[in-house]
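To start, the structure under review is shown below, and the notes come after it.
Numbering (this note's numbering), first residue to last: 238 to 562.
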């Protein structure tokens with residue numbers, strides 16, 4: 238199958254591009270490199286350096302590619318930033334996605350897989366299912382929900398088959414690919430920067446949440462398990478025209494639990510510093526992935542938090558400055 242991967246120089250997109258190539262698909266990556274890394278793009282993929290806002294280039298790529306599917310990873314992703322700069326997120330996430338969907342349909346693309354997020358849900362004390370109450374706590378989650386809603390209309394009007402995969406904190410690393418954002422905002426790589434000597438301590442934003450230890454609780458899923466679900470839904474969209482799945486382990490870990498596990502994995506004390514809450518952080522987001530398990534047979538192969546952090550530590554230990562090293 239010929240597949241266009243947007244954001245394919247990023248953490249998740251590059252891993253997806255590599256696994257698609259391994260499965261025998263033809264892959265074109267389009268990425269602005271504003272936050273991605275050219276070194277992460279798999280060697281077997283055709284690379285186009287362009288921003289999705291560049292309509293003429295996106296249309297040219299789609300008109301020349303005869304793509305059967307789009308996997309859409311390109312987005313602004315930091316929830317806290319979305320509360321400070323909402324316009325950036327509405328432009329990068331919503332407007333660019335709408336243009337991509339429209340042009341894709343015009344050029345005969347029949348399948349669309351969206352990198353969505355658990356942030357579309359309201360916080361809950363129970364594991365979230367696909368039928369749980371929607372209620373984004375930040376602009377980032379709201380833009381992803383709006384893209385999902387747009388895809389539903391394109392399904393009804395144009396027959397576009399789509400899947401929305403709602404992630405619960407992708408984490409860990411593959412041997413040749415890891416998490417390297419500039420600036421880094423995700424908890425596990427931030428924690429690991431302390432034993433690497435890149436920061437003196439890790440911040441805990443809020444210790445007064447209504448959780449057992451007062452810190453936010455999140456679900457974590459290994460990057461390899463996350464991407465394997467994309468390949469399953471890609472095949473399932475041959476017959477299904479709409480798939481929405483949660484992707485997570487179903488186990489929630491608090492910020493303090495992540496830090497303590499990282500201390501054990503690295504053998505470093507990892508000092509922590511308490512700071513005020515950040516706008517947009519929900520107290521608890523934990524997934525129930527029962528639906529994709531039952532319908533597609535997806536099972537996480539690396540669900541253990543220590544194993545996830547260990548894989549990240551192995552990559553960061555050899556790439557302390559990310560892809561720059």
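Where a beta carbon is used, it is the ideal one built from N, C-alpha and C, also for glycine.
In whole angstroms, what separates the C-alpha of residue i from that of residue j?
i, j, result
"residue 413", "residue 425", "18 Å"
"residue 538", "residue 353", "21 Å"
"residue 419", "residue 472", "34 Å"
"residue 308", "residue 244", "9 Å"
"residue 246", "residue 400", "21 Å"
"residue 341", "residue 469", "21 Å"
"residue 559", "residue 275", "12 Å"
"residue 363", "residue 519", "13 Å"
"residue 322", "residue 532", "38 Å"
"residue 429", "residue 561", "17 Å"
"residue 374", "residue 546", "27 Å"
"residue 293", "residue 371", "35 Å"
"residue 298", "residue 357", "30 Å"
"residue 516", "residue 317", "6 Å"
"residue 365", "residue 504", "34 Å"
"residue 509", "residue 555", "24 Å"
"residue 467", "residue 526", "14 Å"
"residue 523", "residue 261", "33 Å"
"residue 483", "residue 389", "17 Å"
"residue 395", "residue 346", "11 Å"
"residue 435", "residue 506", "14 Å"
"residue 259", "residue 476", "23 Å"
"residue 336", "residue 324", "17 Å"
"residue 557", "residue 343", "44 Å"
"residue 437", "residue 300", "50 Å"
"residue 359", "residue 277", "34 Å"
Is any non-hydrogen atom of the ligand MN found closer than 7 Å to the C-beta of residue i, if you look at the structure I gave you?
i, result
"residue 516", "This structure lacks the ligand MN; in fact it carries no ligand of any kind."
Going by alpha carbons, who is nearest to residue i out of the options?
i, options, result
"residue 406", "477, 476 and 485", "485"
"residue 490", "512, 455 and 368", "455"
"residue 521", "527, 506 and 457", "457"
"residue 367", "295, 290 and 403", "403"
"residue 416", "550, 281, 261 and 290", "550"
"residue 271", "452, 281 and 311", "311"
"residue 530", "487, 388 and 552", "487"
"residue 266", "361, 242 and 279", "242"
"residue 492", "511, 260, 388 and 483", "511"
"residue 249", "408, 453, 336 and 548", "408"
"residue 474", "252, 398 and 257", "398"
"residue 355", "496, 411, 494 and 481", "481"
For residue i, which residues in the same chain have their Cβ closer than 6 Å to its Cβ, ignoring the five residues on either side in sequence?
i, result
"residue 269", "288"
"residue 479", "392"
"residue 422", "315"
"residue 296", "340"
"residue 273", "246 and 247"
"residue 451", "444 and 445"
"residue 285", "267 and 298"
"residue 282", "254, 264 and 266"
"residue 279", "254, 255 and 258"
Go through its chain and collect everything with a Cβ distance to residue i's Cβ below 7 Å, but skip five positions before and after it.
i, result
"residue 239", "263, 302, 303, 304 and 305"
"residue 326", "313, 319, 376, 377 and 380"
"residue 329", "312 and 313"
"residue 290", "333"
"residue 361", "369 and 521"
"residue 338", "349, 387, 388 and 391"
"residue 331", "380, 383 and 384"
"residue 553", "415, 426, 429 and 433"
"residue 440", "510 and 512"
"residue 252", "411, 414, 460 and 464"
For residue i, which residues of its own chain have a beta-carbon under 8 Å away from its beta-carbon, when the five flanking residues on both sides are left out?
i, result
"residue 543", "498, 501 and 502"
"residue 513", "442 and 443"
"residue 534", "469"
"residue 410", "416, 460, 548, 549, 551, 552 and 553"
Inset, instruction - Scan the stretch 506-558 and note each continuous alpha helix (DSSP H) run of 4 residues or more that stays entirely inside, going in chain order. - result: Fully enclosed alpha helix (DSSP H) runs of 4 or longer: 527-533 and 542-555.
Legend entry - Contact between the stretch 368-388 and the stretch 444-461 (3+ Cβ pairs under 8 Å): no
Legend entry - Cβ pair count under 8 Å reaching 3, the stretch 528-538 against the stretch 456-465: Counting Cβ pairs under 8 Å, three or more are found: they touch.
Inset, instruction - Just list the alpha helix (DSSP H) runs in the stretch 398-451, keeping only unbroken ones of 4 residues or longer that don't cross its boundaries, in chain order. - result: 424-430
Inset, instruction - Note down, one range per segment and in chain order, each beta strand (DSSP E) of at least 3 residues found wholly within the stretch 301-342. - result: 306-309
Legend entry - Every unbroken beta strand (DSSP E) within the stretch 472-503, with a cutoff of 3 residues, ordered by chain: 479-484 and 489-491
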